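Visitor: My structure is below; once you've seen it, I'll send some questions.
Protein chains: 2
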Amino acid sequence: MTKDQLFDQIKKKESYLCVGLDTDIKKIPNHLLKYDDPIFEFNKRIIDATHEYCVAYKPNLAFYESLGAKGWESLQKTLEYIPEDIFTIADAKRGDIGNTSGLYARAFFEQMNFDSITIAPYMGEDSVKPFLSFENKWVILLALTSNVGSDDFQQLMIGNTDQHLFEKVLEKSQEWGGPEQLMYVVGATKSDMFSKIRTIVPDHFLLVPGVGAQGGSLKEVSEFGMNKQCGLLVNSSRGIIYASNGEDFWEEAGKAALQIQVEMKDYLNNYL
Amino acid sequence: MTKDQLFDQIKKKESYLCVGLDTDIKKIPNHLLKYDDPIFEFNKRIIDATHEYCVAYKPNLAFYESLGAKGWESLQKTLEYIPEDIFTIADAKRGDIGNTSGLYARAFFEQMNFDSITIAPYMGEDSVKPFLSFENKWVILLALTSNVGSDDFQQLMIGNTDQHLFEKVLEKSQEWGGPEQLMYVVGATKSDMFSKIRTIVPDHFLLVPGVGAQGGSLKEVSEFGMNKQCGLLVNSSRGIIYASNGEDFWEEAGKAALQIQVEMKDYLNNYL
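First to last, the protein sequences are chains A and B.
Residue 201 in my numbering sits at position 196 of the first sequence, and the numbers go up by one each step.
Residue 217 in my numbering sits at position 212 of the second sequence, and the numbers go up by one each step.
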């Protein structure tokens, strides 16, 4: 999917919501366990109920890998079930030396046909570049994450500059690819940083986790983070997919997604 | 496996060799393709031929994941085939927020029964800690990698200190776990750094890739990196597993491993 196509979807649906498919076999409603593939059955109903209100789905690979080969199959089926016009993110946080990153790229972009993958920047250029050689596929580089540990290294000051490590990641990585290929993860819990981040990456999309359960404010993220093409994909996982634990879980998930979409419509009208 | 048990194996085998099972379906000998699971058949023969000369095996997950669910099964079978007294490393370079890292930990330590996993430090403490709550299991944290891109961020100077980012990673992570639980990846191509690294982490094991194909010197790594309990696991992948592409590939792999073991025996006598 291209950047313009993604923006078209955002305008059409009046939403920049990404639904995180962090599907945990221990948390899904009991009545699904009778099926051969409960994870897929759960995802299918969540997708049915939410696809009108979101522009992206983001399965976190840990939830699928922790089930071994069977989880891998659930993921493949989920991906095939997601409508064509919705952007897909493999939240894999990979990153390895060049030839090995190339293997991951083929796995996620060719075999699984994801639109994008999240990548950890620690190993530098040759760990990222193999992912950038695929047309209309995206790298979403971790910059400033929403977790507590982001203080440990991401927010260290670099040498005699006024830059934090995450700002150096934003700056340096622009030598590797442009805003048609690269997005960045910036946690919603760091909304005070969004204005500064937009001076470094004015045109890039940002994938923003941490709204809802983790405490980030959608309003602040939207006010300070939005650019001319929206430039935001705001993720919600638990708040949507586990909105209810009953047989009506998919209805409640739909309602939770709709509620966010209605709020986003306002922000698109105000800040775009 | 405990640190003492690992050192016992090193003394017994007079070796600190780790064989990287980076098994690429495109590179294995043709005659194996007739089997149901060529990847496992290849690994099985490599393990048969090399297990007397090495103390660790390190499958890089990318090679298995790139084959989807089937690759996952090959990996599981390979792991079950590795003799009990050999240390196993999931070269996965994972790292996610706390609860998600916990899922990865269960996947690799409980379901797959790996002794250790490689972890990227960028997301900080809560991405590492869930792996440290498993008894006799290890985190191998990326510090200074052997690839070209390691210059981009790992070797940046931090604030007004004389520390590089990778030194900060070595220092900070010691608050999370001791040398019985934590090892570090330090590339053999950076052998001039080993003396300095040993002042920060005198007692930890270092996993050292980059000898052989990538150009690092085993002698220099051993001279400057060894500590009282050896403290080194030196990895070789391509130089061993692809020593020959013929039907005798396993014999040539065994010879290549033996050649390194003989050299290591010397260094253990000289530097331990």
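Note that the Cβ used here is the ideal one computed from N, Cα and C, for glycine as well.
Everything numeric in this text was worked out from a predicted model, so none of it was measured.
By the 10 Å Cβ neighbour count, where 16 or more other Cβ atoms means buried, how is Gly221(B) classified, buried or exposed?
Guide: In the second sequence, the residue the question calls residue 221(B) occupies position 216. That one is buried.
Visitor: How is Lys82(B) classed by DSSP in three states: helix, strand or coil?
Guide: The residue you call residue 82(B) lines up with position 77 of the second sequence. DSSP places Lys82(B) in helix when its eight states are reduced to three.
Visitor: Can you say whether Val191(B) is buried or exposed, counting buried as having 16 or more other CB atoms within 10 angstroms of its CB?
Guide: Mapped onto the second sequence, residue 191(B) falls at position 186. It is buried - the Cβ of Val191(B) has at least 16 other Cβ atoms within 10 Å.
Visitor: Does the beta-carbon of Ser132(B) have 16 or more other beta-carbons within 10 angstroms, so that it is buried, or is it exposed?
Guide: Translated into the one-based positions of the second sequence, residue 132(B) becomes position 127. Ser132(B) is buried by the Cβ-count criterion.
Visitor: For Leu11(B), which beta-bridge partners are listed by DSSP?
Guide: In the second sequence, counting from the first residue as 1, residue 11(B) sits at position 6. Note: Leu11(B) sits in no beta bridge, so no partner.
Visitor: With DSSP collapsed to three states, give me the class of Val239(B).
Guide: Residue 239(B) sits at position 234 when you count from the first residue of the second sequence. Val239(B): strand per DSSP, three-state reduction.
Visitor: Can you list, in chain order, the residues of the stretch 110–143 of chain B whose Cβ is nearer than 7 Å to any Cβ on chain A?
Guide: Arg111, Ala112, Gln116, Ala125, Pro126, Tyr127, Met128, Gly129, Glu130, Asp131 and Ser132
Visitor: State yes or no: is the beta carbon of Arg2(A) nearer than 8 Å to at least one beta carbon in chain B?
Guide: Lying before the first or after the last residue shown, residue 2(A) is absent from chain A, which here runs from 6 to 277.
Visitor: Would you report the Cα separation of Ile51(A) and Gly25(A), rounded to the nearest angstrom?
Guide: For the purposes of this step, residue 51(A) is taken as residue 46 along the first sequence, with counting starting at 1. For the purposes of this step, residue 25(A) is taken as residue 20 along the first sequence, with counting starting at 1. Approximately 10 Å between the Cα atoms of the pair.
Visitor: Between which two residues does the beta strand (DSSP E) carrying Arg111(A) extend?
Guide: On the first sequence, position 106 is the one that residue 111(A) refers to. No beta strand (DSSP E) contains Arg111(A), which DSSP labels as neither H nor E.
Visitor: Distance, Cα to Cα, Phe171(B) vs Ala148(A)?
Guide: Within the second sequence, the letter at position 166 stands for residue 171(B). Within the first sequence, the letter at position 143 stands for residue 148(A). Near 17 Å, if we compare the C-alpha coordinates of Ala148(A) and Phe171(B).
Visitor: Can you say whether His36(B) is buried or exposed, counting buried as having 16 or more other CB atoms within 10 angstroms of its CB?
Guide: Counted from its first residue, the second sequence places residue 36(B) at position 31. So His36(B) counts as exposed.
Visitor: So, using beta-carbon positions, are Gln14(B) and Asp90(B) closer together than 8 Å?
Guide: Sequence index remark: in the second sequence, residue 14(B) carries index 9 (1-based). Sequence index remark: in the second sequence, residue 90(B) carries index 85 (1-based). Contact flag set, yes.
Visitor: For a quick check, are the C-beta atoms of Tyr58(A) and Leu11(A) less than 8 Å apart?
Guide: Numbered from its first residue, the first sequence carries residue 58(A) at position 53. Numbered from its first residue, the first sequence carries residue 11(A) at position 6. No. Outside cutoff.
Visitor: Tyr109(A) to Asp96(A), Cα distance in whole Å?
Guide: Position 104 of the first sequence, counted from the start, is the residue given in the question as residue 109(A). Position 91 of the first sequence, counted from the start, is the residue given in the question as residue 96(A). When rounded, the distance between both Cα atoms is 12 Å.
Visitor: Is the beta carbon of Ile87(B) sitting closer than 8 Å to the one on Thr123(B)?
Guide: Walking along the second sequence from the start, residue 87(B) turns up at place 82. Walking along the second sequence from the start, residue 123(B) turns up at place 118. For Ile87(B) and Thr123(B), no; Cβs fall outside 8 Å.
Visitor: Going by DSSP, name the residue or residues bridged to Arg99(A).
Guide: For the purposes of this step, residue 99(A) is identified with residue 94 of the first sequence, where counting begins at 1. Ile124(A).
Visitor: For Thr55(A), which option in Leu273(A), Tyr272(A) and Glu256(A) has the closest C-alpha, if you only look at C-alpha atoms?
Guide: Position 50 of the first sequence, counted from the first residue, corresponds to residue 55(A). Ranking Leu273(A), Tyr272(A) and Glu256(A) by CA distance to the CA of Thr55(A) puts Glu256(A) first.
Visitor: Using C-beta distances below 7 Å, list every residue in its chain close to Asp53(B), excluding the 5 sequence neighbours before and after it, in chain order.
Guide: As a position in the second sequence, residue 53(B) is number 48, starting the count at 1. These residues qualify, in order along the chain: Trp255.
Visitor: Quick one: what does DSSP say Lys18(B) is sitting in, helix, strand or coil?
Guide: Counting from 1 along the second sequence, the entry for residue 18(B) is found at position 13. If DSSP states are grouped into helix, strand and coil, Lys18(B) belongs with the helices.
Visitor: Along the stretch 151–171 of chain B, what residues have a CB closer than 8 Å to any CB found in chain A?
Guide: Ser151, Asn152, Val153, Gly154, Ser155, Asp156, Asp157, Phe158, Gln159, Leu161, Met162, Ile163, Gly164, Asn165 and Leu170
Visitor: Since Thr55(B) meets chain D, which of its residues come closer than 7 Å, beta carbon to beta carbon?
Guide: Absence of chain D from the displayed structure is noted, the protein chains being A and B.
Visitor: Going along the chain, which residues of its own chain have a beta-carbon closer than 7 Å to the beta-carbon of Pro207(A), five neighbours each way excluded?
Guide: As a position in the first sequence, residue 207(A) is number 202, starting the count at 1. Cβ within range, chain order: Asn232.
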